[in-house]
Amino acid sequence: MLAGRALVRGRLQPVEIAIDDAGRIRSLGKIVGGGPRHDVGESVILPAATDLHVHFREPGGPPEAETIASGTIGAALGGVSLVGEMPNTRPPVTDVESWQEKSSLVAGRAAVDVLLYASPVVPRELAFLARRAGGFKVYLSPTTGIENVPAASELPALWDRLSELRLPVSVHAEDPTRFVSAGRPTSPADWDRARPVAAEEAAIGELTDAPKSLRLHVAHVTTAAGARSLRNAGISFEATPHHLLLSDKVGADARLKVNPPLRTEPQREALWEAFRRGEVPIVASDHAPHPRDAKELPFDRAPSGVPGVETLLPVLLSRVRAGELDLGVLQAAACDRPARWLGQPLGRLLPGHRANLIVVDFTNRFRIDGRTLHSPCGWTPFEGWEAIRPQEHYRDGVRVVEGGEYVGRPDGRVVRPEYASGEPAATLTDAD
Ligand SMILES: [Zn+2]
Numbered sequence: 001m002l003a004g005r006a007l008v009r010g011r012l013q014p015v016e017i018a019i020d021d022a023g024r025i026r027s028l029g030k031i032v033g034g035g036p037r038h039d040v041g042e043s044v045i046l047p048a049a050t051d052l053h054v055h056f057r058e059p060g061g062p063p064e065a066e067t068i069a070s071g072t073i074g075a076a077l078g079g080v081s082l083v084g085e086m087p088n089t090r091p092p093v094t095d096v097e098s099w100q101e102k103s104s105l106v107a108g109r110a111a112v113d114v115l116l117y118a119s120p121v122v123p124r125e126l127a128f129l130a131r132r133a134g135g136f137k138v139y140l141s142p143t144t145g146i147e148n149v150p151a152a153s154e155l156p157a158l159w160d161r162l163s164e165l166r167l168p169v170s171v172h173a174e175d176p177t178r179f180v181s182a183g184r185p186t187s188p189a190d191w192d193r194a195r196p197v198a199a200e201e202a203a204i205g206e207l208t209d210a211p212k213s214l215r216l217h218v219a220h221v222t223t224a225a226g227a228r229s230l231r232n233a234g235i236s237f238e239a240t241p242h243h244l245l246l247s248d249k250v251g252a253d254a255r256l257k258v259n260p261p262l263r264t265e266p267q268r269e270a271l272w273e274a275f276r277r278g279e280v281p282i283v284a285s286d287h288a289p290h291p292r293d294a295k296e297l298p299f300d301r302a303p304s305g306v307p308g309v310e311t312l313l314p315v316l317l318s319r320v321r322a323g324e325l326d327l328g329v330l331q332a333a334a335c336d337r338p339a340r341w342l343g344q345p346l347g348r349l350l351p352g353h354r355a356n357l358i359v360v361d362f363t364n365r366f367r368i369d370g371r372t373l374h375s376p377c378g379w380t381p382f383e384g385w386e387a388i389r390p391q392e393h394y395r396d397g398v399r400v401v402e403g404g405e406y407v408g409r410p411d412g413r414v415v416r417p418e419y420a421s422g423e424p425a426a427t428l429t430d431a432d
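Residues in the sequence shown are numbered consecutively from 1, following my numbering.
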C-alpha cells in the first residue's frame with residue numbers, strides 16, 4: 001500500500017492507495033489499510049505517463065541513437081509506463097514480416113510496455129496488421145522510411161477503411177505541396193520558413209471532415225490556431241515539449257531541426273498558453289534521437305528529430321513547481337488522455353486501473369545533462385534546464401525506479417487497445 005499525496009477532485013490531499021495481487025489499484029482513499037505501508041510523505045503520487053509518440057529506431061537504426069532496450073529504460077526513468085512506437089523504422093512496419101520482426105524485438109528487452117503502430121500503405125496487409133498493431137500512423141508528407149504518402153484525394157477512402165479497422169490513427173499533418181524551397185536552410189528559422197505553418201494548417205484542414213467513427217489524432221501540432229480547429233472538430237491531438245517550450249530563435253543549431261519545425265516565439269507562446277489553459281488534450285515527446293555526429297552535419301543535411309521521452313514529464317513537472325502549469329492539466333495531458341486514446345486501463349488513480357504509479361518530490365530539482373540521460377545519443381534540446389524526475393516508478397505495483405535509479409526488469413509487453421477485437425498481440429500466434 002502506497003501512502004502520500006495525490007490529486008483527488010482537483011486538490012492535493014493525503015491518500016492511501018491499496019494495490020491487489022494482480023498489480024491493479026484495489027482502492028483509494030484517506031485510509032484504506034491492508035498490507036505493508038510505504039509512506040512517501042509530502043511527495044506526490046501520480047499515475048505514470050503514456051508517451052504515445054516515440055521513435056526507438058529499431059530495427060534498422062544506429063544503436064548509438066537509441067534501441068528499444070535503452071529507450072524504454074529512459075521512459076521508465078522519466079515516469080512513462082507505456083510508449084507508442086512509430087512504424088517508420090527500417091524496414092517500416094507495413095506487412096506481416098516487418099510486424100513480426102519488430103514485435104520480436106520487444107520481448108525480454110523492454111523496460112516498459114510498448115504499443116506498436118503500423119503504417120497502412122499496403123492495402124492487402126491492413127486486415128492482418130489490424131489484428132496485431134496497437135494503432136496506425138499515417139504520414140501526409142514523406143519521412144524517413146516512408147516515401148509514399150496518400151494524396152488528398154485518396155484520404156476519404158483511407159479513412160473509411162481505417163475506421164472499419166477501429167484502431168487509433170495518428171497523423172503527421174504537413175502538406176508537402178505547401179513546402180517552400182528558397183535556398184539552403186541553415187537554421188531552425190529557415191526551416192520554419194521552408195515547412196511553414198501554412199503547410200500544417202492546410203493538412204489539418206483536410207482532416208477536419210474525416211468521419212467521426214475514425215479514432216483520429218494529430219501528432220505534434222505547433223500552433224494555437226491548429227489546436228483550435230482540431231478542438232472545434234472534436235479531433236484528438238498532441239503538442240510536444242519542444243514546440244511548447246522552444247522557439248526557432250535559437251541560432252544555427254541543427255540539433256533543433258525537427259518536423260514540423262520549431263515556430264516563432266509568439267507562436268510558441270500562444271501554443272503554451274493554450275496548453276496551460278487545458279486546451280491541448282495530450283502532450284507527447286515525439287522522441288526521435290539521432291547520433292550527435294549526424295546532428296553536427298550542416299543544417300540542410302542533418303536529420304530531423306530530438307530526443308525527449310526521458311525529459312517529457314521532468315521539464316513539465318518543473319513548470320508545475322514554478323507555478324506556471326497546473327498539475328491537474330499536466331496529469332490529464334500526460335497520463336490520462338493518451339492512455340484513454342490508446343484504450344489502456346492506465347493514467348488515472350482509479351480502482352481497477354493498473355497500478356502504474358510514480359512518486360514526485362517537488363523539492364528534488366536537478367539540471368538536465370544530456371550525457372547522464374539514458375539515451376545513447378548523449379544530448380538533449382533541454383540541456384541545462386531545471387527538471388524534476390520521479391523518485392519512484394511502479395509498474396503493476398512493482399517498483400522499477402527507486403531513488404531516481406532504474407531497478408526494474410525488461411519484462412515490458414506489446415499491448416494493443418483493450419477495446420479492439422481479438423486477443424492481445426502478445427498472446428496471438430502468427431499462423432493466420
Ligand atoms: Zn515522430
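Ideal Cβ positions, reconstructed from N, Cα and C, are used throughout, including at glycine.
If you check the CB distance, A355 and I19 come in under 8 Å.
Shown here for P150: same chain residues with a beta carbon closer than 6 Å to its own, the five before and five after excluded, namely L158 in chain order. Separation of V180 and G78 (C-alpha to C-alpha, rounded to the nearest whole angstrom) is 37 Å. By alpha-carbon distance to A322, the top candidate from F362, T222, R367 is F362. At least one heavy atom of ligand 1 is found less than 7 Å from the C-beta of H55.
As computed with DSSP, H38 is found in a beta bridge with L2. According to the DSSP assignment, F128 belongs to the alpha helix (DSSP H) that extends over 126-130.
Contact between S285 and G308 holds, since their C-beta atoms are separated by about 3 Å, short of 8 Å.
At a threshold of 7 Å, D51 does not count as near ligand 1, since its beta carbon sits no closer than that to any of the ligand's heavy atoms.
V401: member of the beta strand (DSSP E) spanning 398-402, first to last residue.
In the structure shown, K30 falls within a coil segment according to DSSP collapsed to helix, strand and coil. Approximately 5 Å separates the beta-carbon atoms of S170 and A219; this is inside 8 Å, confirming the contact.
Cβ-Cβ distances below 6 Å link H38 to L2 in the same chain, with the five nearest sequence neighbours on each side left out; the list follows chain order. By the neighbour-count definition (other C-beta atoms within 10 Å, threshold 16), P123 is an exposed residue.
For R57, the closest of P298, G71, A48 by C-alpha to C-alpha distance is G71. Proximity of the beta carbon of A288 to ligand 1 is indicated: a heavy atom of the ligand is located closer than 7 Å. Per DSSP, the beta-bridge partners of V414 are V114. Collapsing the DSSP output to three states places K249 in coil. It is roughly 22 Å from the alpha-carbon of R11 to the alpha-carbon of R340. Within the same chain, Cβ atoms closer than 6 Å to the Cβ of V40 are found at G4, V359, the five residues on either side in sequence being excluded.
Remark: fewer than three beta-carbon pairs, one from each stretch, lie closer than 8 Å, so the stretch 258-266 and the stretch 274-282 are not flagged as touching. Just measuring C-alpha positions, the residue of K30, P188, V400 sitting nearest A252 is P188. Residue A173 holds the alpha-carbon nearest to the alpha-carbon of L230 among P196, A173, P91. Secondary structure at H242: helix, using DSSP grouped into helix, strand and coil.
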